[in-house]
Amino acid sequence: MCTTAVAAVLGVALVGCGSQGSADAVGPTKAGAADSGAKVLWVGDSIAGAEAPALGAALKSSGVDFKDASSDGGGTVVDGGDEITGKISEDTWKELAANIGSFKPTVIAYQITTYDWGPQDKQRAAYEKLARTAKDAGAKLVLVPAPPVKIDDFYKKHEPQMRAAPKAAEEAAKNSGGAAVFLDSAQLWGTDAAAAKAQRSSDGIHNCQQGAAAFAKWLSERLGSQAGFKAAPVDAWAKGSWTGDARYANLKCGG
């Protein structure tokens with residue numbers, strides 16, 4: 101199906117047809133996009149997954165290899181001491197090791213997940229471990245807070261921990277000796293999930309194409325500063341087939 105959304109903030113129309121795959125490992129194959137040598141591994145939960153199609157398109161157009169390693173219903177590196185995060189974090193660390201070995205990223209970009217629960221010291225320790233892991237792999241760690249989300253019954257008891265996680269990540273980056281950097285996405289989304297600026301879909305948690313494009317522009321520019329590549333202009337990628345990704349249809353995004 102064709103998906104159409106007007107990304108007013110970008111000044112372009114997002115139009116895509118047919119392609120319903122996810123943004124997995126993609127190389128800089130677009131005509132005119134010189135290989136920058138940068139390789140970005142994207143880690144997070146399903147919110148990161150909804151951002152991935154646009155982010156992959158933006159980075160590919162910038163000459164960057166990209167792999168989406170996000171996980172629906174998971175993705176956290178934080179073992180908060182409960183059964184859920186214990187199992188999820190164990191899986192995430194195993195998958196991360198495998199992806200480091202096969203993809204060999206130069207940048208590991210981790211978006212704090214809605215499952216990064218537990219005391220702040222456990223959060224900080226997990227992010228510090230992630231920074232060490234990235235450094236040992238010869239990669240830079242980029243820590244990005246999740247956008248604001250609707251706090252439903254599932255998240256309610258974890259809301260204080262979710263609010264504390266970005267601070268723990270920022271502290272871990274400051275203590276990393278340059279191995280990690282913290283990029284505050286509140287500059288883009290704000291802190292209110294109900295505000296228009298947050299660009300949440302109707303579920304109040306994920307984004308549709310317009311939000312994905314806004315995030316891809318914001319993050320690709322900042323990753324370029326960190327990894328030494330020039331982010332491609334929006335017109336080079338915003339009208340690509342990524343807008344027809346099945347994730348957006350599943351989210352009932354308007355078209």
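Residues in the sequence shown are numbered consecutively from 101, following the numbering used here.
We put the beta carbon where it would ideally sit given N, CA and C, even for glycine.
- Taking the Cβ atoms as the reference, residue 223 lies roughly 4 Å from residue 268, within the contact range of under 8 Å.
- Checking the DSSP bridge columns, you'll see residue 280 partnered with 241.
- Rounded to whole angstroms, the separation of the alpha carbons of residue 285 and residue 241 is 15 Å.
- Residue 315 has its alpha-carbon roughly 17 Å from the corresponding atom of residue 164.
- DSSP lists no bridge partner for residue 315.
- Residue state for residue 307 is assigned as strand, using DSSP reduced to three classes.
- Pairing residue 200 with residue 226, the inter-Cα distance amounts to about 17 Å.
- Along the length of the segment 138-201, whole beta strand (DSSP E) runs at least 3 residues long occupy 139-143, 165-168, reported in chain order.
- Straight through space, the alpha carbons of residue 134 and residue 255 are spaced by roughly 43 Å.
- Cβ neighbours of residue 185 within its own chain (closer than 7 Å, five residues either side excluded): 176, 178, 179, 215, 217, 218.
- With contacts defined by Cβ atoms closer than 8 Å, residue 343 and residue 299 do not form a contacting pair.
- Shown here, residue 299 sits in coil according to DSSP, grouped into three states, outside any helix or strand.
- Of the candidates 149, 140, 139, 149 places its Cα closest to the Cα of residue 311.
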